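Trainee: Here you go, one structure.
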Amino acid sequence: MPGIHQPSNAVAAAAAALAIGTDLDAVAIGLAAATGSKWRMEIHRGSFTVINDAYNANPTSVESALRTVVQLGGRPIAVLGKMAELGDIEESEHIRIGRLATKLGFAAVLVVGDDPGLSAGAGAIARRVESPEAAMAVLESVIRSGDTVLVKASRSVGLEGLAEQLIDSAGTSTGSAA
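In structure tokens, the structure reads:
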């Protein structure tokens with residue numbers, strides 16, 4: 251399963267299974283057979299790579315996804331929406347994530363819908379649009395062959411349809427583990 255956060259998840263799952271007496275061979279078989287859930291770090295390769303991680307977003311998962319995109323190579327582009335239900339830290343965390351995208355070398359950050367600070371944090375590489383449809387129109391002129399495009403937001407933003415459009419545009423519809 252893709253994502254720089256997955257090794258620690260696998261270790262935690264293995265430790266829990268071993269702690270309740272599961273045989274080591276069974277743990278290994280289980281880990282080898284693990285698959286991701288729909289819209290969670292699905293990697294689709296075509297003329298450009300699309301990472302469909304549109305199921306949900308929180309500061310830790312967005313940071314991990316951004317770092318994974320950079321590790322995969324290609325010119326990194328992020329299509330991000332609001333991380334919901336953050337309470338008092340909403341603005342500061344959105345600004346931090348925007349700054350991280352800039353620090354990691356993203357070519358562009360496209361912010362879809364409400365923007366509690368992503369654009370402010372990302373600065374010159376950021377552009378805000380109102381809807382997934384408007385995002386697709388912008389992306390058609392931004393994406394180049396070989397790019398790696400992350401699509402990530404809380405479910406309330408509704409970016410899963412945009413991710414599917416990008417996958418179709420890239421010429422692939424099959425997810426992979428990397």
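The working numbering applies: residue 251 is where the sequence shown begins, and numbers increase by one. Where is the CB? At the ideal position from N, CA and C, for every residue including glycine. Bear in mind the structure is a predicted one, so any value in this text is a computation, not a measurement.
Buried or exposed: Lys-353, going by 16 or more other Cβ atoms within 10 Å of its Cβ?
Mentor: Here the question's residue 353 lines up with position 103 in the sequence shown. By the 10 Å Cβ count, Lys-353 comes out exposed.
Trainee: Check whether the segment 356 to 375 and the segment 337 to 346 are in contact - that is, three or more C-beta pairs closer than 8 angstroms.
Mentor: Yes, since at least three Cβ pairs between the segment 356 to 375 and the segment 337 to 346 fall closer than 8 angstroms, the two stretches touch.
Trainee: Please report the residue range of the alpha helix (DSSP H) in which Ala-357 lies.
Mentor: Your numbering for residue 357 matches position 107 in the sequence shown. First-last for Ala-357: undefined, no H or E at that position.
Trainee: Can the beta-carbon of Phe-298 be found less than 7 angstroms from the beta-carbon of Ile-375?
Mentor: For this step, residue 298 is matched to residue 48 along the sequence shown. For this step, residue 375 is matched to residue 125 along the sequence shown. For Phe-298 and Ile-375, no; Cβs fall outside 7 angstroms.
Trainee: Alpha carbon to alpha carbon, what distance is there between Gln-415 and Arg-378?
Mentor: As a first step, residue 378 is located in the sequence shown; it is residue number 128 there, counting from the start. As a first step, residue 415 is located in the sequence shown; it is residue number 165 there, counting from the start. Answer to the nearest angstrom: the Cα atoms are 19 angstroms apart.
Trainee: Looking only at its own chain, which residues have a Cβ that is under 6 angstroms from the Cβ of Gly-421, when we skip the five neighbours before and after it?
Mentor: In the sequence shown, the residue the question calls residue 421 occupies position 171. Result list for Gly-421: Gly-296, Ser-297, in chain order.
Trainee: Quick check on Asp-303: does DSSP put it in helix, strand or coil?
Mentor: Taking the sequence shown and counting its residues from 1, one reaches residue 303 at position 53. If DSSP states are grouped into helix, strand and coil, Asp-303 belongs with the strands.
Trainee: Candidates Val-261, Pro-366, Gln-321: which alpha carbon is nearest Ala-278's?
Mentor: Position 28 of the sequence shown holds residue 278. Nearest option by C-alpha distance: Val-261.
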